[in-house]
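Working notes for the structure below.
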Amino acid sequence: MSDRFTVHKFHHIDFWCADATNTYKRFQHALGMSLVAKSDQSTNNTLYASYVLKSYDIVFSFTAPYSKKAAALSEGTPLRDYSLDQAYDFVNTHGLAVRSVGEWGHLGCILVDCAKAAYEASVAHGGKGVRPPTELKDVATGTSQTISEVIMYGDVVLRFVSGDFKGPYLAGYEALPEIASHSLGLRRIDHAVGNTHNLVQAVEYIMGFTGFHEFAEFVAEDVGTVDSGLNSMVIANNNEGILMPINEPTFGTPRKSQIQTYLEQNEGPGLQHLALITNDIFATLREMRKRSDVGGFEFMPKPSDSYYKSLPKKIGDGITAEQIKECEELGILVDKDDQGVLLQIFTKPLGDRPTIFIEIIQRVGCMREVREPATNAVVGTEQAAGPGASNSTSGGSGSRPRGRAADQRERHGGSGGERPARPEAVSPFASASTSASASTATALDVSNRSSGSPGGRGVRQPERQRSDGAQAGRGGGRSTSAPPASSSSSSSSPSSSSSSSSRGGGGAFYRGGGSSSSSSSSSSSSSSSSSRGNGSTSSSRGGRGVGSSARGGGNRCAAAIQAIRDCGDLRELEALVEAEATGWTRDRYKTAINTALNRAGQLGSLRGADPAQSHRILSLLAAAYLPLVAKLKAAADCTIPLHACAKAKFWGAGLATALLQRLSREDGALLGDAKDNELSNLWWSLSEALRSAEGQHVLYGTDLPLLLAATSAALVTNADVSARHSSNILLACARLQLCDERLTRHLTGCLTAQVGQANCQDLANALYALGELAEDVGHKPRPEDLQGLVRAVVSQLGAAGEAFTPQALANMLLGAAQLGHTGPGLLRPLAAAAGRAAAAMDAQGLSNSLYSLALLQPSVSAHGGAVEALCGECVRRRFAGFNPQNTGNSIWALGTMRYGDQAWYAAAVEAAEQPAGMAGCTPWDWAHLWYALALVRHRPTSGGLLQRTADDAVMLRQGALPQDCANLLWAFANLRLYDERLVDALAGRLGEVLRRDPAQAKAQDLCNSLWALAVMGPDVLARHSAVVAPLLGEAERRWNAEGAAAIKELEASQVWYTQLELAHVGGGELQRILGAGDGRPGSLLCLAREAAEKHAVEEVKSSDLERQVVSALERLAAERLGPGPGPGPGGAIASVERGPVVPGLGRAADVVVELAGGRRVAVEVDGPSHFLANRPRDPTAVDGPTELRNRQLARVFGYGNVLCVPYWQWVGQGPAAQEALLCRLLGLEGAAAGA
């Protein structure tokens, strides 16, 4: 039977109790777990208290209801259907026990691909659904989680959890930092055991709706101690990462069955115990026993001395004499089966009732063992910054400035910050199969977001060449259907196989808290494997037999390989593997198993292939290869199957972990003589593991630094690493974010030395990888190596035909941009090729190409038509496939290159307004998109996009970061947009952050927000005084503490313009805060005024348009309307002053004209940058900074005395018409006519 839905691992276990605080603290102390999340009254949850502990992959939560009289549903309650009545009933009935977080039953919480699909499949196959799929939103990150629940047995409920939420528990809980020093080494949940009255009925029901298979079966004779008295079955999912034993009591034993005792004391079925894995049970137990007498957990009594004296005979050389002595000292039970040695110990019941307890285990040599990471392990973590961010993590892109002109920055309030989020790379490594289509999955998407760098990126990697002599994708080269032959050894005599019906071993899961261990049974017979064993000698599906009964012989192995290659689909291959895999193991046909692994990956990648069937085959092959791993003698025998697993995205069954552990043994000695293709396969496999949770799980169980160091040492001593393998390993270095200058320079040197052997995909991968390494870890290739690579790329670009794939062109542009390589010799032909390939690019490729061109040369004309071609393709397909970041990055890029086609921006906005256009938008996505639109001064005309943003006001209010809030406010102010819901939400969020943790907000966030609210007007400042006050207060506090290091001049000038608006709000706290220094030297107010005046002086650099207007006014004054003698109405214009700084305003007017009678008029000459770009020739369509300027000038000169000369009324007119325009604006038509 196959799983009816994809299952990964246990997600969490939740205990319900009467006192969550004291219960979690006891578990925290006893098990060395860290408090990582909470939901209680401090987080505005007034219904229940819940605390979450974590140790590596083990997550326990503890939930207790508040008083029925005082508790109430509140905004901060994550699970809003929590029932107080049920909680009280549960605790009264069961005492301390495992219980779902929500409304229904006990819990086995597992992580699945899709909780909705798992629920629907379960119900369709007889499962009793109790919680339909329910979405939980995490407002802080904009991610979500879906949970659903199905009854298992009695009150027990199986909960499915899925989604992109990456927090430690459930969405809606407040995350807390994990303290690694608490750990006692407990790594993950190995199995969760339940007790029920009727074993067969429960198992058939659960297997029916889950599709799980029977993993093992035991009867009382197998495991019955004096107190146990049980029958048991173990059910498991396909990859056997979820093991759920279920027990029933037996009767007629000298003492009552402990299972029956449990059922009576628990008042029904329930979860009996949890088995927790440790990698060092001796160290874990020493510390746990120290705590037993001071609030920790107590353990069951030790076995007798005779038990430990008999162990050497029973266990053999599975563990050493010294380890047996430690087991005796600590009371650890020892068992052995066909898969290795199991060390285990049980606690006494955890509460007053003899019900739930904990088991601590370590598997020594067991194929199921999966080790977890050390607490300081870092695997491929990536993070990117949004506009205005400075990235605090390596690999971010927020630190590079946009390069906008100073006057443009000032006009827009000094904001705009840094460049947008670094885009994803166009396309991943291609699967090394014969399939023509490249894989498009993304690598690890890290959603952790620091306050300085919202958002994350998932890097889609470029195509990868095969490391076994073939290559995928359209970059040239050949392909093969099977991996290279491994270094196979001659066949050996067959070993005996066990006839036990249990793959888990008779003693692997149950001792039931008893005081002795029964020995596991084994058999010397080799042919009577049961239906639950590893296979049979014949196939019921009509597969091709290859004579597995024969022993040894190259001809037999060759026949097996040919039979594998002849399989045309997964059905044929599965039948063959089921029939022959056991024989291949017996005969040590490593090459046959490797060929089958590779073939399963190839057939599984074909259109219409069933992934579940592919993984079933891979699981069978993994079981066949695992017994051979420990004695493998060549690196190729590890790297070839590892490569096949990585291609098929198969990380289960323990094979990948076992292979990596074999390579790690003896400090990686096996890798010393490895060939470059073998090392390339290994590096690619390691980097591929980053792309899934299961793969990361494998990496966590691997000594990754050791493997990387060993392979690096082997590579740098090899001067003949091929161009292809150099390129592939560089690409893996980029994905792993490995900073090893010696290795990367060596590989780059090998590549350029053999550049004549490199094909287009090799070159593209290398250029992209070097760009990623430069961006992420600061690696700078040697100039001569980079120039050699560039010359080879240019040579191929100049060849006849399109040598590079569209994705390769987009990736090379991104690599060149990240390297800062702007040489026209590469840029021009590369941009031209990208333009020609636009129609074949996907949305990511189009967006990345535009983004990269903007970084390389911020000018449309510099790229010879490529920008126009890429833009035209975006519009032609109506932005189909664009996600929010693609849209935002494309708009930003075109704004940076001053692309003027407003119809393009309108089309982008129209696409974003569609239901799918901004689906799943996070606060960062909204901020990024609106920032880009403000940069190009494009205000959407329909209002639909603003409405969609306002619909997410609650999400913004609860989860936007200070930078998100500031950038949104800044964008709305520039575009002169106002939506009360949005501004209220953003202001409220800023106020909340400043109350809780003001350090999250940067000075730029404070000043941008103040300036934006000032642009919106004094009434808006007054309405939001509750946030303006803390913004001002925090700015003043930082100034007093750090001075100019805290508040830059440009930011201080924003504060000054805010103060000018506050003067019209009226007296009160706002003005008191800002005027605390009364403008005295050294005060923030003094700095703000000085900064604004300094900036105004620097701004007086007239444009040609301003000079023309001033010249015309001076000509009018001198020749026609000035104060000199002569006929006519002289004296109408008393003086013309160019660019004076207006006292007390901190602004410079373009021109100040004094008229007869002392009337002074400010004349502002407004070019295109003062107006919304998509409303040409509309004098009312000024942008926000211009609106603020006019308002503040009018307070000095008087309303009606600030006149604007719009560029379209001036440009192209003759002198007479221009002078007439000025006279009309100044009200001097009559004087001019008289003159």
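Numbering of the sequence shown is given in our numbering, commencing with residue 32 and proceeding in unit increments.
Using N, Cα and C, we set each Cβ at its ideal position, and we do this for glycine too.
Where do the ends of the beta strand (DSSP E) carrying residue i lie?
i: residue 163; result: 160–169
i: residue 47; result: 38–47
i: residue 393; result: 388–395
i: residue 1234; result: 1233–1237
According to DSSP, which residues form a beta bridge with residue i?
i: residue 818; result: DSSP lists no partner for residue 818.
i: residue 267; result: 244 and 274
i: residue 222; result: 306
i: residue 82; result: 69 and 93
i: residue 367; result: 372
i: residue 1192; result: 1184
i: residue 948; result: According to DSSP, residue 948 bridges with nothing at all.
i: residue 176; result: 167 and 194
i: residue 205; result: 69
i: residue 1179; result: 1172
Looking only at its chain, what residues have a beta carbon closer than 7 Å to the beta carbon of residue i, apart from the 5 residues adjacent to it on each side?
i: residue 1137; result: 1181 and 1196
i: residue 152; result: 35 and 36
Leaving out the 5 sequence neighbours to the left and right, which residues in its chain are closer than 6 Å to residue i when beta-carbon positions are compared?
i: residue 1335; result: This structure cannot settle anything about residue 1335, because the visible part of the chain is limited to 32 through 1266.
i: residue 328; result: 61 and 378
i: residue 1256; result: 1234
i: residue 930; result: 891
i: residue 1168; result: 1183
i: residue 741; result: 699 and 702
i: residue 550; result: Caution is warranted here: a pLDDT of 33 is assigned to residue 550, below 50, making its placement in the model unreliable, and no coordinate value can be reported.
i: residue 628; result: 652, 672 and 675
Measure the alpha-carbon distance for residue i versus residue j and round it to whole angstroms.
i: residue 919; j: residue 228; result: 59 Å
i: residue 817; j: residue 782; result: 10 Å
i: residue 729; j: residue 687; result: 7 Å
i: residue 1253; j: residue 799; result: 57 Å
i: residue 231; j: residue 179; result: 25 Å
i: residue 51; j: residue 770; result: 45 Å
i: residue 361; j: residue 737; result: 32 Å
i: residue 713; j: residue 670; result: 6 Å
i: residue 896; j: residue 698; result: 55 Å
i: residue 1249; j: residue 1149; result: 16 Å
i: residue 63; j: residue 220; result: 15 Å
i: residue 410; j: residue 719; result: Low confidence applies to residue 410: its pLDDT is 25, below 50, so where it sits in the model is not reliable, and the reading given next is rough at best. About 12 Å.
i: residue 282; j: residue 295; result: 14 Å
i: residue 827; j: residue 1039; result: 48 Å
i: residue 618; j: residue 95; result: 58 Å
i: residue 990; j: residue 71; result: 18 Å
i: residue 753; j: residue 1016; result: 57 Å
i: residue 880; j: residue 871; result: 13 Å
For the ligand PLP, is there a heavy atom less than 8 Å away from the beta-carbon of residue i?
i: residue 57; result: As for the ligand PLP, it is missing from this structure, which has no ligand bound.
Can the beta-carbon of residue i be found less than 9 Å from the beta-carbon of residue j?
i: residue 805; j: residue 850; result: yes
i: residue 216; j: residue 309; result: yes
i: residue 733; j: residue 788; result: no
i: residue 82; j: residue 108; result: no
i: residue 630; j: residue 676; result: no
i: residue 1201; j: residue 1213; result: yes
i: residue 1029; j: residue 1049; result: no
i: residue 239; j: residue 156; result: yes
i: residue 613; j: residue 592; result: no
i: residue 683; j: residue 270; result: yes
State the start and end residues of the unbroken alpha helix (DSSP H) segment that holds residue i.
i: residue 291; result: 289–296
i: residue 1165; result: Where residue 1165 is concerned, there is no enclosing alpha helix (DSSP H), although the beta strand (DSSP E) it sits in stretches over 1164–1169.
i: residue 58; result: 51–62
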